[in-house]
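If you read the first sequence in the numbering used here, its first letter stands for residue 33, the second for the next number, and so on. Cβ coordinates follow ideal geometry from the N, Cα and C atoms, glycine included. Please read these numbers as outputs of a predicted model, since none were measured by experiment. Report on the following structure.
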Amino acid sequence: MEKTQQNRKKTGDSFYPFREIEAKWQERWEEQKLYKTNPEPKKKFYNLVMFAYPSGDIHMGHFRNYSVGDAVARRKMMEGYDVLHPFGWDAFGLPAEQAAIKRNLKPQDWTLNNIKVSRNTLKKVGISFDWNREVATCLPDYYKFTEWFFVQLFKKGLAYQKEATVNWCETCNTVLANEQVDAEGQCWRCHQTVTKRKLKQWFFKITDYAERLLNDLDKLTGWPENVKTMQKNWIGRSVGAEIDFKLESGEKIPIFTTRPDTIFGVTFMAIAPEAEILDKLDIPNEYKKDVEEYIQKAINKTEIERTAETGEKDGVFTGCYAVNPYNGEKVQLWVADYVLASYGTGVVMAVPAHDQRDFLFAKKYDIPIKIVIHPEGGSLNLDDMDEAYVEYGVMVNSGRFDGLVGSDAVEKVTQHAENKGFGRKKVNYRLRDWLISRQRYWGAPIPIIHCQKCGPVPVSEDDLPVKLPENVENYIPKGRSPLADIPEYMNVKCPKCGEEAQRDPDTMDTFVCSSWYHMRYLDNKNPHQPFSRADAEKWMPVDQYIGGIEHATGHLLYFRFFTKFMYDLGWLNVDEPALNLFNHGMVRDAEGQIMSKSLGNVVSPMELIDRYGVDISRLAMHFTAPADKEIDWNEEAFVGIERFINRFYRMVTEIDNPEPVDLKRYFKKDQLSDNQWDLYIKLNQMIKKVSEDSDRMQFNTNIAALMEYFNALNQVKRIEPEFYHYILQKSTQLIAPLAPHFAEEIWSLYGYTESIFKSSWPSYDPDAVVSEQINIVVQVNGKVREQIMVSSDASKDMIETMALDSEKVKKFIQDKKIIKTIYVPGKLINMVVK
RNA sequence: GCGAAAGUGGCGGAAUUGGUAGACGCGCUGGACUUAGGAUCCAGUGGCCGAGAGGCCAUAGGGGUUCGAUUCCCCUCUUUCGCACCA
33 MEKTQQNRKK
43 TGDSFYPFRE
53 IEAKWQERWE
63 EQKLYKTNPE
73 PKKKFYNLVM
83 FAYPSGDIHM
93 GHFRNYSVGD
103 AVARRKMMEG
113 YDVLHPFGWD
123 AFGLPAEQAA
133 IKRNLKPQDW
143 TLNNIKVSRN
153 TLKKVGISFD
163 WNREVATCLP
173 DYYKFTEWFF
183 VQLFKKGLAY
193 QKEATVNWCE
203 TCNTVLANEQ
213 VDAEGQCWRC
223 HQTVTKRKLK
233 QWFFKITDYA
243 ERLLNDLDKL
253 TGWPENVKTM
263 QKNWIGRSVG
273 AEIDFKLESG
283 EKIPIFTTRP
293 DTIFGVTFMA
303 IAPEAEILDK
313 LDIPNEYKKD
323 VEEYIQKAIN
333 KTEIERTAET
343 GEKDGVFTGC
353 YAVNPYNGEK
363 VQLWVADYVL
373 ASYGTGVVMA
383 VPAHDQRDFL
393 FAKKYDIPIK
403 IVIHPEGGSL
413 NLDDMDEAYV
423 EYGVMVNSGR
433 FDGLVGSDAV
443 EKVTQHAENK
453 GFGRKKVNYR
463 LRDWLISRQR
473 YWGAPIPIIH
483 CQKCGPVPVS
493 EDDLPVKLPE
503 NVENYIPKGR
513 SPLADIPEYM
523 NVKCPKCGEE
533 AQRDPDTMDT
543 FVCSSWYHMR
553 YLDNKNPHQP
563 FSRADAEKWM
573 PVDQYIGGIE
583 HATGHLLYFR
593 FFTKFMYDLG
603 WLNVDEPALN
613 LFNHGMVRDA
623 EGQIMSKSLG
633 NVVSPMELID
643 RYGVDISRLA
653 MHFTAPADKE
663 IDWNEEAFVG
673 IERFINRFYR
683 MVTEIDNPEP
693 VDLKRYFKKD
703 QLSDNQWDLY
713 IKLNQMIKKV
723 SEDSDRMQFN
733 TNIAALMEYF
743 NALNQVKRIE
753 PEFYHYILQK
763 STQLIAPLAP
773 HFAEEIWSLY
783 GYTESIFKSS
793 WPSYDPDAVV
803 SEQINIVVQV
813 NGKVREQIMV
823 SSDASKDMIE
833 TMALDSEKVK
843 KFIQDKKIIK
853 TIYVPGKLIN
863 MVVK
């Protein structure tokens, strides 16, 4: 067969007919059950993409996420793995309720319909999901076990109730999650200023796992550093001491500090406005009014107002004092809203000389400032200080501790408190317990029955699930869960004593549902258990997890927490859910703005698919940027990709008698002409590069390597038919994970009857990855002066002789002396002259 | 403020461990084939000097280490992301 300009020209009007081809293969794959998971995997690969909220349409972020995941899954199939590649729906959540209110639909109906639409859309994208493993968190057979998890946590003391201050919108009459309060401290829906309210809420005690969640980050060698850093900072471990100050009444008032070495410099204490200890103060009458007013005002301030970076601190003196146990000094007690009630004990010892916030506060209210640390080899003078000295240093004005330095000082001061019994070493975390109550309808019910006599009692496991009632009149939030207004739901007998009791009306945060979906996939139809231990053993942990970075400190922390919890219960034999994590980059609009409906700048992947087809769209997306980088959307890449695919398709359709060739064979030099042997080496180099690049999720260079090879292929005019088929068939396999329909079509045009995804990923011929003639760069003093072609086994001496023989090189070394020569085998030789 | 990452042609981006900076693609320029070309093919394409051979400069800016730096170190600037009074 001869490939000439001639026969290429006459096909100028043909191009790849993606519509028929993509539809055809999607249908056949479904018939063949190509993606059915092997229930008894020999060599398993659990490929997990983050599941989706079924809002009805899939967007570019999903498209990118699943295209990356699909590339991984298909590559692994071709490498002979038994791949588990499931998908599901994170189906509880607010928008369904809003749709219910607005369109007079049931949240169930809205959600289930969206799932249907989205599922069909995704099928058109040709992702290799095993739909038999599908889960939807809003279905009773799923949330039965979300409730089951709650009960297990409750039984272990890891689910508890506590009064908590929550965001409250007066207009919408509802609780808002933090992310539903915008940057201005206003409600995301009505833009009313958000206030605070105290409500009894359920929490999961994730802080009990803080230490392990932190330490085990070291095990996660396949996770990106930035995610681990974010989790580390989020957990925010800090070591210090808890010291008991005393009120005049004798009541203890413990504080947490990381700087016990400054304790002799305490001149006042600052208490958070919400701190419970305030009730124990005996505030003199003349201060009462001011203090109460201040507290009221502070509590009603928005988060934003309170944390505004103005540097301005304010507070009010309570007229009360506490005693410093180290020196017996009386210090003033202030209420100040720069103190957080939820961290430490809600009270801080204030050392104005050595803490910037305390310094500003003391200056403002004219509170004494006492220097107790000097820089090593220097000293501080109060009159010269315009900010606090916060570094470690030498203790002064601290009685018996004078002269101690830095961490040693911290140690000794803490030890003293321990000996005397008024303090102890303490570790605190920035991480708070996880508030999971939502006063909403569309979520997994909290399986608790509140009994006057027995308190909160978990629903018996045999009675799960507690089903969401469907006869709900309206979903409009009234400041309590809509479930609270359904007596048939609320009124039950106490499982323990049989007396009249009431259900907990709240539902769970949707992050609870998504914390364990990776386990449900393993055994998604099991009616008795969340999953079977046997299946967990077969598939866990996830080998590759792919999703967006936005879940770094939310979902991914809960996901790890639940996995550890199940490990502790003995259900899993791994205590981390995923070995490798990959965060794909965001897709933004051409101006770099996030695509959103309100900005009206959304590009629909379905529109692209309609115009270019799935495969070209996927390839273009991959080619635009490495998968972990954000993309500012443009369609420039489509042109090049479309040309490439058309060229590839044309090359195959031009072939007179296509047939499968032996892809296992390696060629020998004497079997091919020089030109073709060179092409053979390039082919093997390309196979190596594509394999390595896609291993690193570098699909952009993976595609570039294929294009580069096709350019080289084009230069060679006469190619033996068998070798030409060999080249095209291997190339088809290499592009298959990225352009599955296209590759499958080419594969079948070549006469293969079994799917290309059942074929083996090409391996490269190790004897043919190094060219026989290699280019050696000749440098003089580090500057390129000449290039010489030598045989790949040429010695350093030979190369040096050739280099010195070159006129160009001679020009630069004449009448100079060669001091030394550096030779990098196969790459360059550098002569240093003077 | 703290923490992390990044800054390369007109554009998206390559350069895996320090070894030819700009792979691949878009765009642009010229040409071929064409009634036509938004199809296809060929050639060129970082900047400056030069007819050419070739030379000089160039990876945000400035210093340093090295025979050799986009890559390592220090400083400055810019951008993005995360946390944001955590005592």
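Own chain partners of residue i with C-beta closer than 7 Å, once the 5 adjacent residues on each side are dropped
{"i": "Lys-596", "result": "Tyr-241, Arg-244 and Asp-607"}
{"i": "Asn-558", "result": "Ser-564"}
{"i": "Thr-585", "result": "Met-262, Gln-263 and Trp-266"}
{"i": "Ala-330", "result": "Pro-305 and Asp-369"}
{"i": "Lys-402", "result": "Gly-297, Thr-299, Ala-385 and Asn-429"}
Residue i to residue j span [Cα, whole Å]
{"i": "Cys-352", "j": "Ala-368", "result": "14 Å"}
{"i": "Tyr-25", "j": "Arg-472", "result": "With the chain covering 33 to 866 only, the question about residue 25 has no answer from this structure."}
{"i": "Arg-675", "j": "Lys-714", "result": "22 Å"}
{"i": "Ile-238", "j": "Trp-266", "result": "13 Å"}
{"i": "Trp-793", "j": "Ile-759", "result": "14 Å"}
{"i": "Lys-35", "j": "Met-821", "result": "The pLDDT assigned to Lys-35 is 31, lower than 50, so where the model puts this residue is not dependable, and the model offers no usable value."}
{"i": "Pro-286", "j": "Pro-400", "result": "22 Å"}
{"i": "Asn-689", "j": "Leu-781", "result": "10 Å"}
{"i": "Cys-529", "j": "Cys-486", "result": "7 Å"}
{"i": "Gly-101", "j": "Asp-555", "result": "21 Å"}
{"i": "Lys-762", "j": "Tyr-577", "result": "28 Å"}
{"i": "Lys-721", "j": "Lys-176", "result": "48 Å"}
{"i": "Met-540", "j": "Pro-501", "result": "15 Å"}
{"i": "Leu-601", "j": "Ala-568", "result": "13 Å"}
{"i": "Tyr-67", "j": "Asn-605", "result": "27 Å"}
{"i": "Val-671", "j": "Leu-651", "result": "11 Å"}
{"i": "Ala-476", "j": "Cys-170", "result": "7 Å"}
{"i": "Pro-519", "j": "Val-183", "result": "23 Å"}
{"i": "Tyr-796", "j": "Gln-717", "result": "7 Å"}
{"i": "Tyr-397", "j": "Glu-531", "result": "57 Å"}
From the options, residue whose alpha carbon lies closest to that of residue i
{"i": "Asp-660", "options": "Asn-732, Lys-840 and Arg-697", "result": "Asn-732"}
{"i": "Asp-465", "options": "Asn-556, Lys-402 and Leu-589", "result": "Leu-589"}
{"i": "Asn-359", "options": "Lys-866, Glu-325, Gly-431 and Phe-235", "result": "Gly-431"}
{"i": "Glu-283", "options": "Glu-308, Thr-299 and Arg-291", "result": "Glu-308"}
{"i": "Asp-829", "options": "Ile-861, Phe-844 and Asp-847", "result": "Ile-861"}
{"i": "Arg-592", "options": "Gly-624, Ala-566, Met-551 and Val-619", "result": "Met-551"}
{"i": "Cys-219", "options": "Thr-203, Trp-234 and Lys-232", "result": "Thr-203"}
{"i": "Tyr-375", "options": "Glu-419, Lys-312, Arg-462 and Val-183", "result": "Arg-462"}
{"i": "Gln-811", "options": "Leu-144, Gln-58, Ala-835 and Glu-54", "result": "Ala-835"}
Cβ separation of residue i and residue j, assumed to be a contact under 8 Å, to the nearest whole Å
{"i": "Lys-457", "j": "Ala-273", "result": "6 Å"}
{"i": "Phe-277", "j": "Val-355", "result": "6 Å"}
{"i": "Pro-497", "j": "Glu-179", "result": "6 Å"}
{"i": "Ile-851", "j": "Lys-840", "result": "That pair is no contact at about 20 Å."}
{"i": "Met-729", "j": "Phe-614", "result": "6 Å"}
{"i": "Gly-93", "j": "Met-618", "result": "7 Å"}
Sequence-distant residues of its chain with Cβ nearer than 6 Å to residue i (five each side left out)
{"i": "Phe-77", "result": "Lys-108, Tyr-113, Val-115 and Asp-575"}
{"i": "His-757", "result": "Val-693"}
{"i": "Leu-436", "result": "Met-427 and Lys-444"}
{"i": "Ile-140", "result": "Correcting the residue identity first, residue 140 is Gln in this sequence and not Ile. Closer than 6 Å at the Cβ level, and outside the excluded window around Gln-140, lies no residue."}
{"i": "Pro-292", "result": "Ala-273, Val-442, Val-445 and Thr-446"}
{"i": "Ala-105", "result": "Asn-79, Val-115, His-117 and Ser-160"}
{"i": "Tyr-599", "result": "Asp-607"}
{"i": "Asn-666", "result": "Ala-622"}
{"i": "Gln-819", "result": "Asn-807 and Val-809"}
Other residues of its chain near residue i: CB distance less than 8 Å, five sequence neighbours each side excluded
{"i": "Asn-247", "result": "none"}
{"i": "Asn-70", "result": "Asp-114"}
Residue ranges of each alpha helix (DSSP H) run of no fewer than 4 residues wholly in the region 435-492, ordered along the chain? With a minimum length of 4 residues, the continuous alpha helix (DSSP H) runs that stay inside the region 435-492 are 438-452.
I'd like the ranges of any beta strand (DSSP E) spanning at least 3 consecutive residues and lying wholly in the region 87-124.
Counting whole runs of 3 or more residues, the region 87-124 contains the beta strand (DSSP E) stretches 114-116.
Let me know the beta strand (DSSP E) ranges lying completely inside the region 281-311, each 3 residues or longer, listed in chain order. With a minimum length of 3 residues, the continuous beta strand (DSSP E) runs that stay inside the region 281-311 are 284-289 and 300-303.
Inset, instruction - Jot down the residue ranges of each uninterrupted beta strand (DSSP E) in the region 538-612, minimum 3 residues, whole runs only, in chain order. - result: Runs of beta strand (DSSP E) with 3 or more residues, each lying fully within the region 538-612, are found at 576-580, listed in chain order.
Original post:
Unbroken beta strand (DSSP E) runs of length 3 or more, entirely within the region 141-196: which are they?
Top reply: For the region 141-196, not a single whole beta strand (DSSP E) run of length 3 or above is found.
- Item | 4-residue-minimum alpha helix (DSSP H) runs that sit fully inside the region 757-837, ordered along the chain | Listed in chain order, they are 772-781 and 828-837.
| request: Write down every uninterrupted run of the beta strand (DSSP E) in the region 197-259 whose length is 3 residues or greater and which is fully enclosed by it, in chain order. | output: Segments of the beta strand (DSSP E) lying fully in the region 197-259: 206-208 and 227-236.
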